[in-house]
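A.B. asks: In my numbering, the protein residues as written are 77 to 258.
All residues carry an ideal CB built from backbone N, CA and C; glycine is no exception.
Quick caveat: nothing in here was measured; it's all calculated off a predicted structure.
Sharing a structure below in structure tokens format, with a few things to ask.
This is the structure in structure tokens:
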């Protein structure tokens with residue numbers, strides 16, 4: 077609980093330091109969009125500095141909330157909410173890629189040790205993790221599509237789909253990270 081509070085305070089401090097202004101950019105056409113580089117950096121910093129799973133989990137959704145609140149006239153529209161959620165999902169997707177690579181590397185070393193030292197034929201970790209990751213991608217797509225279709229025809233559909241994608245991507249990053257923890 078203390079870590080979640082500390083992360084919240086850190087995010088609020090960042091907001092006070094001009095992070096809200098940095099979270100949005102203007103396109104060439106003058107339209108507001110999330111500043112992807114800034115969002116990537118804030119999400120990555122939160123994930124990297126949190127020391128426990130619960131603290132890392134508390135990072136999910138924080139930056140998209142800041143993005144939406146940075147300009148309430150834009151951020152609280154359907155488009156604004158969806159784009160903020162999608163930008164944070166992109167940041168979490170990069171963490172998933174990193175965590176997957178790190179975990180596969182650790183698993184390859186463990187599998188190599190087992191191949192050299194085990195006297196029985198065991199299933200190996202790397203193929204299992206690759207299959208798990210591919211299955212997760214398929215499941216995430218189907219689940220988020222179901223959430224989207226539940227609200228089909230309404231503005232909530234886009235937000236529900238984007239929120240599902242964000243939460244499932246963050247959860248998968250945590251899952252991959254947890255596989256390497258003692």
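Buried or exposed: residue 140, going by 16 or more other Cβ atoms within 10 Å of its Cβ?
C.D. replies: Position 64 of the chain shown, counted from the start, is the residue given in the question as residue 140. Result: buried.
A.B. asks: Assuming residue 116 and residue 170 form a contact by the criterion Cβ under 8 angstroms, report the distance between their Cβ atoms to the nearest whole angstrom.
C.D. replies: Counting from one through the chain shown, the residue named residue 116 turns up at place 40. Counting from one through the chain shown, the residue named residue 170 turns up at place 94. Correct: roughly 6 angstroms between the Cβ atoms.
A.B. asks: Could you name the residues of the same chain whose beta carbon sits closer than 6 angstroms to that of residue 125, not counting the 5 residues immediately before and after it, in chain order?
C.D. replies: Locating residue 125 in the chain shown gives position 49, where the first residue counts as 1. Excluding positions up to five away in sequence, the list is empty.
A.B. asks: Comparing the C-beta of residue 204 with each C-beta of chain B, is any distance below 7 angstroms?
C.D. replies: Structure shown: chain B not included; a single protein chain is present.
A.B. asks: When you compare each of 151, 241, 135 and 235 to residue 110 by their alpha carbons, which one comes out closest?
C.D. replies: Taking the first residue of the chain shown as 1, we reach residue 110 at position 34. Ranking 151, 241, 135 and 235 by Cα distance to residue 110 puts 151 first.
A.B. asks: What does the alpha-carbon distance come out to for the pair residue 147 and residue 182?
C.D. replies: In the chain shown, counting from the first residue as 1, residue 147 sits at position 71. In the chain shown, counting from the first residue as 1, residue 182 sits at position 106. Their backbone Cα atoms lie some 43 angstroms apart in a straight line.
A.B. asks: Check each candidate in 191, 200, 219 and 132 and name the one with the smallest Cα separation from residue 251.
C.D. replies: The sequence position of residue 251 within the chain shown is 175, counting from 1. Checked all of 191, 200, 219 and 132; the closest Cα to residue 251 is 132.
A.B. asks: Report buried or exposed for residue 113, applying the criterion of at least 16 other Cβ atoms within 10 angstroms of its Cβ.
C.D. replies: Residue mapping note: residue 113 aligns to position 37 of the chain shown, counting from 1. Looking at its Cβ environment, which holds fewer than 16 other Cβ atoms inside 10 Å, residue 113 is exposed.
A.B. asks: Helix, strand or coil: which one does DSSP assign to residue 199?
C.D. replies: Here residue 199 corresponds to residue number 123 of the chain shown, with the count starting at 1. Coil at residue 199, not helix or strand.
A.B. asks: Find out if the Cβ-Cβ distance for the pair residue 206, residue 154 is shorter than 7 angstroms.
C.D. replies: The sequence position of residue 206 within the chain shown is 130, counting from 1. The sequence position of residue 154 within the chain shown is 78, counting from 1. Cβ distance not < 7 angstroms, so residue 206 and residue 154 don't count as in contact.
A.B. asks: At the level of alpha carbons, what is the spacing between residue 135 and residue 187?
C.D. replies: For the purposes of this step, residue 135 is taken as the residue at position 59 of the chain shown. For the purposes of this step, residue 187 is taken as the residue at position 111 of the chain shown. Cα to Cα, the separation comes out at about 32 angstroms.
A.B. asks: So the candidates are 253, 224, 249 and 248; which of them puts its Cα closest to the Cα of residue 239?
C.D. replies: As a first step, residue 239 is located in the chain shown; it is residue number 163 there, counting from the start. Ranking 253, 224, 249 and 248 by Cα distance to residue 239 puts 224 first.
A.B. asks: Less than 7 angstroms between the C-beta atoms of residue 179 and residue 242, yes or no?
C.D. replies: Your numbering for residue 179 matches position 103 in the chain shown. Your numbering for residue 242 matches position 166 in the chain shown. No, they are not a contact pair.
A.B. asks: For residue 102, does the three-state DSSP call read helix, strand or coil?
C.D. replies: Looking up residue 102 in the chain shown gives position 26. If DSSP states are grouped into helix, strand and coil, residue 102 belongs with the strands.
A.B. asks: What is the DSSP secondary structure of residue 166, counted as helix, strand or coil?
C.D. replies: Locating residue 166 in the chain shown gives position 90, counting from the first residue. The answer is helix: DSSP assigns residue 166 an H, G or I state.
A.B. asks: Please classify residue 189: is it buried, with 16 or more other beta-carbons within 10 angstroms of its beta-carbon, or exposed?
C.D. replies: Position 113 of the chain shown, counted from the start, is the residue given in the question as residue 189. With fewer than 16 other Cβ atoms within 10 Å, it is exposed.
A.B. asks: In whole angstroms, what is the alpha-carbon distance linking residue 249 and residue 100?
C.D. replies: Here residue 249 refers to the residue found at position 173 when the chain shown is read from its first residue. Here residue 100 refers to the residue found at position 24 when the chain shown is read from its first residue. Each residue's alpha carbon lies about 25 angstroms from the other.
A.B. asks: Keeping to the same chain, check which residues put their C-beta closer than 8 angstroms to that of residue 102; ignore five residues upstream and five downstream.
C.D. replies: Sequence index remark: in the chain shown, residue 102 carries index 26 (1-based). Same-chain partners within the cutoff: 108 and 109.
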